[in-house]
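K.L.:
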Amino acid sequence: MRNIVSACALVVLSACSQHPTNLNDITDVTFDEARFRQDIKILSSDEFEGRAPTTKGEALTLAYLSDAFAAMGLEKPNGKDYLQAVPMVTYTPSAQQQIQLGEMPLTYRQDVVMTSRHDIATIDISNAPLVFVGYGINAPEYQWNDYQDLDMTGKIAVILVNDPGFALPNSGKFNGKAMTYYGRWSYKFEEASRQGALGAIIIHDTKPASYPWSVVENSWTGAQQDLVSSSQSHKRVQVEGWITYDIANKLFNNAGLSLATIADRAAASPIHLSLNQNASIAFTNQAEYSNSYNVVATLPGQARADEQILFTAHWDHIGIDPNKEGDQIYNGALDNASGTAGILEIARQFANQASQGNRLERSLTFIATTGEEQGLLGSRYYADTPLYPLDKTVAVFNLDSTNVYGRTSDYTIIGKGKSELEEYLIDALKRQNRTAVAENRPEAGGFFRSDHFSFAKKGIPAVFAGGGNEPIDEATAQYKVTMQQKMKGCYHNVCDEYRSDWDLSGALEDLDIFYQAAATLGNNNDWPGYYKGTEFNLLRPAKDDSNN
């Protein structure tokens, strides 16, 4: 067993509590590596079948997490169990799809991935005009509208991935190389729907997407979940999907156009143009309605129990693919059994302190969310239907894919520079002699890809952080290179399995950072806000925007 023991001193921020607690006792905690490992190993075992929502894997996961929270003595927010029902609809498109773009018949999975989030038994689209709409963005604040004066009724939008800033990082457009929300696939489908399009197809390109075609193929085939409330919108495009860059290149060539040249134009200014070709798409589609569940457990505060600090991590992964040869289970050990195990271990530390009389003044609530892989569904549902009022929710700490590469001298805050909540993490880092850095690939849009984003959109300061780029020593650096090779290509793939040779010492240090930040915030009167110039500043501004 390798344990990380925190130091006993805590730097107290300026917004002090009026009801002091023994800070040394609160911050003297020991994270149990063996227990942390065991949680990851069990949650990502073959028995849990990849933890897809509304499956046997979900039932096992809910029971495991509920038992863990009960053993800690945490409260059940609804009084009877730890579950928040999330009404979902599961769409299962047939793998036998007839898809033709122009004169090209396409092969499902190899060339195209297509689905529908409509309760329609048969999708049958014939000769729908294909229209290239650049990046598919309508952003008045950036003076950008690819749909300007365009009627998309009955047409299918063909869209570039990411946003213009990625292609022209020094142009001043959007946020440079750092992806904005307009670069996310979810936004592109939503905007095409708002524009009245019949369908939307994203052109996959590995660099701007930040992942290979295999991730699209593994994540977008088979059953797809959505919130029932979202699926009831008749304005949603009837079909949505992806095509490979090679297929898109041929499509443009058949229109007498150069995809590379047109993409350059699309990055320079808004654009839309007809491809003078039609699409025909046919497949059967099944819709099934059932509840999935968030697992929610609360440790009430002793003085201001109505004020909530949330910890989130998604329990779900992408389940089983029965059509796959060999290993069919997407175990999701790193993503995100590790994050779920992380909030369990943090919860145990706070529960243990509370049992010793060192309860925080504010309440802590731990939410293991469902449906993150399908578009942040569980966190979106909680943010729209909260068990505790959002105006009494102080902050959100999110754990997703914890560090398995050993200790680091730095610490990554995804989207660094957005809110005052980050200062709590930065202050805690001083105790480990570590420094905070931004992610090294902001073009991947990490801030918009995990559950904290659902809360940020509501104005609640939310952070997604952990790991780093600089190994603590040469031995760790060599280990990291070896482990990265072992895990290459495992994101959203069947090889994301628990490994007994993972070095989790860095992950345990990161858990300590989250713990210390929450302990400080939980015992003061501070309400962090978003800095001026960020997307969410108007919803909950920082205390002194003039300094930012």
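Under the working numbering, the first residue of the sequence shown is numbered 113, with each subsequent residue one higher.
Here a beta-carbon is modelled for each residue, glycine too, at the ideal position from N, C-alpha and C.
Predicted model, so just to flag it, every value in this text is computed and none were measured.
Any idea if Leu-616 is buried or exposed, counting beta-carbon neighbours within 10 angstroms, 16 or more meaning buried?
P.N.:
Leu-616 is buried by the Cβ-count criterion.
K.L.:
Could you tell me the distance, in whole angstroms, from the CA atom of Lys-569 to the CA atom of Lys-530?
P.N.:
Distance between the alpha carbons of Lys-569 and Lys-530: 12 Å.
K.L.:
DSSP three-state call for Met-226: helix, strand or coil?
P.N.:
Note: Met-226 maps to strand in three-state DSSP.
K.L.:
For Pro-205, name the three-state secondary structure that DSSP assigns.
P.N.:
If DSSP states are grouped into helix, strand and coil, Pro-205 belongs with the strands.
K.L.:
Of the residues Val-340, Gln-468, Arg-221 and Ala-507, which one's Cα is nearest the Cα of Gly-483?
P.N.:
Nearest of Val-340, Gln-468, Arg-221 and Ala-507 to Gly-483, Cα basis: Val-340.
K.L.:
Within the chosen definition, does the region 417-433 reach the region 448-463 through at least 3 CB pairs nearer than 8 Å?
P.N.:
Cβ pair count under 8 Å is three or more, so yes.
K.L.:
Would you list the one or two residues that DSSP bridges to Val-408?
P.N.:
Answer is Ile-479, bridged to Val-408.
K.L.:
Can you tell me which of Ala-619, Gly-413, Met-599 and Thr-166 puts its alpha carbon nearest to the alpha carbon of Arg-611?
P.N.:
It is Met-599 whose Cα lies nearest to the Cα of Arg-611.
K.L.:
Any idea what DSSP makes of Glu-400, helix, strand or coil?
P.N.:
Of the three classes helix, strand and coil, the one that applies to Glu-400 here is strand, per DSSP.
K.L.:
Any contact of the region 386-405 with the region 201-212, i.e. 3+ C-beta pairs under 8 Å?
P.N.:
Yes, they touch.
K.L.:
Which of helix, strand or coil does DSSP assign to Trp-614?
P.N.:
In this structure, Trp-614 counts as coil in the three-state DSSP scheme.
K.L.:
Kindly indicate which residue of Gly-413, Leu-177 and Met-200 has the alpha-carbon position closest to the one of Asp-193.
P.N.:
Selected option, being the one with the closest Cα: Leu-177.
K.L.:
So, for Leu-651: in the same chain, excluding its five sequence neighbours on each side, which residues have a beta-carbon less than 6 Å away from its beta-carbon?
P.N.:
Answer for Leu-651: Gly-571, listed in chain order.
K.L.:
In this structure, does DSSP put Leu-422 in helix, strand or coil?
P.N.:
Correct three-state label for Leu-422: strand.
K.L.:
What are the boundary residues of the alpha helix (DSSP H) that includes Ile-152?
P.N.:
145-155 is the span of the alpha helix (DSSP H), which, as asked, contains Ile-152.
K.L.:
Please report the distance separating the alpha-carbon of Glu-159 from that of Gly-169.
P.N.:
Taking the straight line joining both Cα atoms gives about 8 Å.
K.L.:
Mind reading off the beta-carbon distance from Met-291 to Ala-556? Whole number of angstroms is fine, and I expect it under 8 Å.
P.N.:
Contact flag correct, Cβ pair sits at about 7 Å.
K.L.:
Taking the beta strand (DSSP E) that Glu-352 falls in, what are its first and last residues?
P.N.:
From DSSP, the beta strand (DSSP E) with Glu-352 extends over 351-355.
K.L.:
Go through its chain and collect everything with a Cβ distance to Leu-280's Cβ below 6 Å, but skip five positions before and after it.
P.N.:
Answer for Leu-280: Ala-379, listed in chain order.
K.L.:
Around the C-beta of Pro-640, are 16 or more other C-beta atoms found within 10 angstroms, so that it is buried, or is it exposed?
P.N.:
Buried, because 16 or more other Cβ atoms sit within 10 Å of the Cβ of Pro-640.
K.L.:
Tell me, please, whether the CB atom of Ser-467 is closer than 8 Å to any CB atom in chain C?
P.N.:
Absent from the structure is chain C; it holds one protein chain and no more.
K.L.:
Express the C-alpha separation of Phe-576 and Thr-410 in angstroms, rounding to a whole number.
P.N.:
Their backbone Cα atoms lie some 21 Å apart in a straight line.
K.L.:
Use the C-beta contact count for Tyr-401: other C-beta atoms within 10 angstroms, 16 or more gives buried, fewer gives exposed.
P.N.:
Tyr-401 comes out exposed.
K.L.:
Could you tell me the distance, in whole angstroms, from the CA atom of Thr-133 to the CA atom of Asp-418?
P.N.:
For Thr-133, the predicted structure reports a pLDDT of 44, less than 50, and the residue's modelled location is therefore unreliable. A value from the coordinates is still provided. Going from the Cα of Thr-133 to the Cα of Asp-418 covers about 19 Å.
K.L.:
Quick one: what's Thr-547 bridged to in DSSP?
P.N.:
Partner(s): Asp-522.
K.L.:
Cα separation between Ala-415 and Asn-470?
P.N.:
Whole-angstrom Cα-Cα distance: 12 Å.
K.L.:
Ser-283: buried (16+ other C-beta within 10 angstroms of its C-beta) or exposed?
P.N.:
Its Cβ having fewer than 16 others within 10 Å, Ser-283 is exposed.
K.L.:
Please look up how many angstroms separate the CB atoms of His-384 and Asp-503, rounded, as I've assumed it's under 8 Å.
P.N.:
About 41 Å separates the two Cβ atoms, so there is no contact after all.
K.L.:
Tell me which same chain residues have a C-beta within less than 6 Å of the C-beta of Gly-645, skipping the five on either side of it?
P.N.:
Same-chain partners within the cutoff: there are none.
K.L.:
Could you name each continuous beta strand (DSSP E) segment of 3 residues or more that falls completely within the region 493-543, going from the start of the chain to the end?
P.N.:
Correct list: 505-510 and 522-525.
K.L.:
Does the region 230-239 come into contact with the region 348-364, if we say contact requires no fewer than three beta-carbon pairs (one atom in each stretch) closer than 8 Å?
P.N.:
Touching, yes, given that three or more Cβ pairs across the two stretches are closer than 8 Å.
K.L.:
Are the beta-carbon atoms belonging to Val-201 and Asp-338 less than 8 Å from one another?
P.N.:
Contact flag set, yes.
K.L.:
For the pair the region 527-547 and the region 454-467, tell me if three or more CB-CB distances fall below 8 Å.
P.N.:
No, the region 527-547 does not touch the region 454-467.
K.L.:
For Asp-638, count neighbouring Cβ atoms within 10 angstroms of its own Cβ and tell me buried if that reaches 16, exposed if not.
P.N.:
Asp-638 is buried by the Cβ-count criterion.
K.L.:
Can you pull the DSSP bridge partners for Asp-236?
P.N.:
Beta-bridge pairing links Asp-236 to Ala-394.
K.L.:
Compare the Cα-Cα distances from Val-273 to each of Asn-239, Ser-322 and Ile-441 and report the closest residue.
P.N.:
Among Asn-239, Ser-322 and Ile-441, the Cα nearest to that of Val-273 belongs to Ser-322.
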